[in-house]
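Structure first, commentary second.
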Amino acid sequence: MLPIICPHCNEPLSFNNERSYVCKNNHNFDLSKGGYINLLPVNKKKSKSPGDNDMMVKARRDFLEQGFYDPLMKEIKSVIENELIVDSKEITILDSGCGEGYYSENALSNLKEIKSNIIGTDISKYAVKYAAKKYKNNFYFVSSIYNLPVKTDSIDLILSVFSPNDSKEFSRVLNANGYLMIVSPGENHMKQLAELIYDSFRPHEYNIIEKIEEPFSHASTHRKTFKIEINDSVMLQNLLKMTPYYWNTSIEAQAKIENCNAISITCDFSITVFKIV
Ligand SMILES: C[S@@+](CC[C@H](N)C(=O)[O-])C[C@H]1O[C@@H](n2cnc3c(N)ncnc32)[C@H](O)[C@@H]1O
Ligand SMILES: [Zn+2]
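Quick note: the sequence shown uses the working numbering, first residue 2, plus one each step.
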């Protein structure tokens, strides 16, 4: 049974034969045609369509599918396989803020000697729709990471890639030996893209260790740095749409990007692992 709970009464949700998930108090959540469920209560929505919009999700899919971030996928997999101590050969993983699902499928599935049951959530219904449609072995649902419709103590590993984090909610859903793995930007991430837009680049100073609170303790940090060669301005625009720079790009900078047919860009990631103490 999936470790998901009703967002109204916190009772476990189970699948009934009518293509919906239901709790014992008869709260009902339809399985969409695309194979996902929406567990974000309307009164918890801060806007009509929270999270990434269709254009951003599509740009992310088009970019990631080219394999540009595959060195990062390999590194995440290797940290899971070599560093995490798990009691069982079968683990449950939550991809938190999963976007269109590329990481769930390419970094979390087919692990060496471990079977992973993967669930993924995002507040964007567009993202979840893309993920569920393509990655049918995993289960995706719409929800906010600040109020996860996930059973207490049910998850062995949470992966959070460039998404919001909530120490309290993450520690609730993780079991006592669980791990939290956060991927965040390293100091030189997207340096050349930023230079194209702003003329100068200010290194990222994001310190994830300061942001994750008790009961988590820092276990390890892995840096993964590599360059990608982008030889197509449409792909560069896709990359831009995946970053917060997109919203601050002037018309002049937009033109520069449209006219740029070859650029080498630094990708710089920090993979930080936390454990519950
Ligand atoms: C930068 S994207 C990363 C997506 C994916 N992890 C990836 O790297 O491809 C951030 C994601 O967080 C989602 N998000 C933002 N606020 C959220 C929240 N409160 N709960 C769940 N997801 C959220 C957005 O919709 C978006 O898909
Ligand atoms: Zn209920």
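Glycine is no exception: its CB is placed at the ideal position from the N, C-alpha and C atoms.
This structure is a prediction, so every number in the text was calculated from the model and none was measured.
At a cut-off of 6 Å, the beta-carbon of P165 counts as near ligand 1: some heavy atom of the ligand is closer than that. In the DSSP assignment, S234 falls within the unbroken alpha helix (DSSP H) covering 234-242. L197 has its alpha-carbon roughly 49 Å from the corresponding atom of R20. Residue range 55-65 is occupied by the alpha helix (DSSP H) that includes F64. With a 10 Å radius around the Cβ and a threshold of 16 neighbouring Cβ atoms, M56 comes out exposed. Judged by pairs of C-beta atoms under 8 Å, the stretch 132-144 does not touch the stretch 155-162, as fewer than three such pairs exist.
Here the alpha carbon of D96 sits roughly 12 Å from the alpha carbon of N107. Per DSSP, the beta-bridge partners of T273 are I183, T222. Using a cutoff of 6 Å, the CB of D53 counts as near ligand 1, since one of the ligand's heavy atoms is closer than that.
In this structure G52 is in contact with I124, their Cβ atoms being roughly 4 Å apart against a cut-off of 8 Å.
Between V143 and N39, the C-beta gap is smaller than 7 Å, which places the two residues in contact. The alpha-carbon of F30 is positioned some 13 Å away from that of N11.
Beta-bridge pairing by DSSP links F30 to Y22. DSSP lists F227 as the beta-bridge partner residues of C268.
Checking the DSSP bridge columns, you'll see F69 has no partner listed. In the displayed model, I159 falls within a strand according to three-state DSSP. Nearest to H190 by alpha-carbon distance, out of I229, S105, H9, is I229. A heavy atom of ligand 2 is found nearer than 6 Å to the CB of N26.
E188 sits in coil when the DSSP states are folded into three classes, being neither helix nor strand. Under the three-state reduction of DSSP output, A177 falls in the strand class. Between I86 and S105, the gap from beta carbon to beta carbon reaches 7 Å or more. For the 7 Å CB-CB criterion, F163 and F217 do not form a contact.
Between M243 and F16 a beta carbon distance of about 34 Å is seen, past the 8 Å cut, so the two are scored as non-contacting. For Y147, there is no enclosing alpha helix (DSSP H), since its DSSP letter is neither H nor E. Between ligand 2 and H205, a heavy atom-to-CB distance of less than 6 Å is absent.
When I115, Y141, E114 are compared, the shortest CA-CA separation from P4 is found for Y141. Contact annotation: K212 and F270 have beta-carbon atoms that are not nearer than 7 Å.
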